[in-house]
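Student:
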Amino acid sequence: MSLDVYLVTDVLPLPREPMILIREKGAIREISLKEWQHRYPDRDPVYTQPPEQDYYAYEANITHNLADMAAQAGIYMHLWRPDEMGITKAKQLIEPLTEGLALLESDPEPFRALNPANGWGDYEGLVRFVSNYLKACKSYPDATVRVSR
Numbered sequence: 001m002s003l004d005v006y007l008v009t010d011v012l013p014l015p016r017e018p019m020i021l022i023r024e025k026g027a028i029r030e031i032s033l034k035e036w037q038h039r040y041p042d043r044d045p046v047y048t049q050p051p052e053q054d055y056y057a058y059e060a061n062i063t064h065n066l067a068d069m070a071a072q073a074g075i076y077m078h079l080w081r082p083d084e085m086g087i088t089k090a091k092q093l094i095e096p097l098t099e100g101l102a103l104l105e106s107d108p109e110p111f112r113a114l115n116p117a118n119g120w121g122d123y124e125g126l127v128r129f130v131s132n133y134l135k136a137c138k139s140y141p142d143a144t145v146r147v148s149r
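Mapping the sequence shown onto my numbering, position 8 (from 1) lands on 8, and the numbers just tick up by one.
#1: Identify every residue that forms a DSSP beta bridge with K89.
#2: Using 8 angstroms as the threshold, is the stretch 130-144 in touch with the stretch 82-101, meaning 3 or more CB pairs across them?
#3: Roughly how many angstroms separate the alpha carbons of P82 and L33, rounded to a whole number?
#4: Which residue comes first and which comes last in the beta strand (DSSP E) that contains N61?
#5: Can you tell me which residues form a DSSP beta bridge with D68?
#6: Can you look up D83 in the DSSP assignment and give me helix, strand or coil?
#7: According to the Cβ coordinates, are L134 and W80 closer than 8 angstroms?
#8: State the start and end residues of the unbroken alpha helix (DSSP H) segment that holds V130.
#9: Which term fits I28, buried or exposed, when burial requires 16 or more other beta carbons within 10 angstroms of its beta carbon?
#10: What did DSSP end up calling R112 once you bin it into helix, strand or coil?
#11: Using a threshold of 8 angstroms, state whether the C-beta atoms of I62 and F111 are closer than that.
#12: Among L97, L7, S148 and A117, whose alpha-carbon lies nearest the alpha-carbon of G74?
#13: Assuming C137 contacts L104 (C-beta within less than 8 angstroms), just tell me the rounded distance between them.
Here you go:
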């Protein structure tokens, strides 16, 4: 089992231009204006706007076996249960994850002692997970935080 974290925005990473969609061989696919003009030189295309949807600006997962280590670093609730702390936006995680990461990196040995005996997860994996998640929170501070546990 694992913890899945998501930073969700309603903005696509790059603005999308209107699309030209065609039905071909039982499927709908997008084609370029150049391809349309080659196929149908005497007809104007019908453009379609890309659907507005949630966009996962960031997603990652980590094993539940590292929950005790995260708790020792003071960030279990921030990672596993942000909703119970009233955390809804990535910017709310920046300070606690910064502090937790600093604690993890300041004295690794007590945390390494908590490495799971079954080999699923380790100290280095938690440090990498928190570091990457923190970078994503800084990059997308207004993203909505979602977790699945």
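Ideal placement from N, C-alpha and C gives every residue a C-beta, glycine not left out.
Tutor: In short:
#1: As a first step, residue 89 is located in the sequence shown; it is residue number 89 there, counting from the start. Note: K89 sits in a beta bridge opposite T144.
#2: yes
#3: In the sequence shown, counting from the first residue as 1, residue 82 sits at position 82. In the sequence shown, counting from the first residue as 1, residue 33 sits at position 33. Rounded to whole angstroms, P82 to L33 spans 45 angstroms at the Cα level.
#4: Start at 1 with the first residue of the sequence shown, and residue 61 comes out as number 61. From DSSP, the beta strand (DSSP E) with N61 extends over Y55 to T63.
#5: For the purposes of this step, residue 68 is identified with residue 68 of the sequence shown, where counting begins at 1. Partner(s): none; D68 has no beta bridge.
#6: Taking the first residue of the sequence shown as position 1, residue 83 is located at position 83. Looking at D83 - three-state DSSP - the assignment turns out to be helix.
#7: Within the sequence shown, the letter at position 134 stands for residue 134. Within the sequence shown, the letter at position 80 stands for residue 80. No, they are not a contact pair.
#8: Here residue 130 corresponds to residue number 130 of the sequence shown, with the count starting at 1. First-last of the alpha helix (DSSP H) with V130: Y123 to S139.
#9: For the purposes of this step, residue 28 is taken as the residue at position 28 of the sequence shown. Taking every protein chain shown into account, the CB of I28 has fewer than 16 other CB atoms within 10 angstroms, so this residue is exposed.
#10: For this step, residue 112 is matched to residue 112 along the sequence shown. Three-state DSSP puts R112 in a helix.
#11: Within the sequence shown, numbered from 1, the residue matching residue 62 stands at position 62. Within the sequence shown, numbered from 1, the residue matching residue 111 stands at position 111. The answer is no: Cβ separation not under 8 angstroms.
#12: By one-based count along the sequence shown, residue 74 stands at place 74. Per the Cα distances, L97.
#13: One-based indexing of the sequence shown puts residue 137 at position 137. One-based indexing of the sequence shown puts residue 104 at position 104. L104 and C137 do not touch by the CB rule: their CB atoms are close to 16 angstroms apart, not below 8 angstroms.
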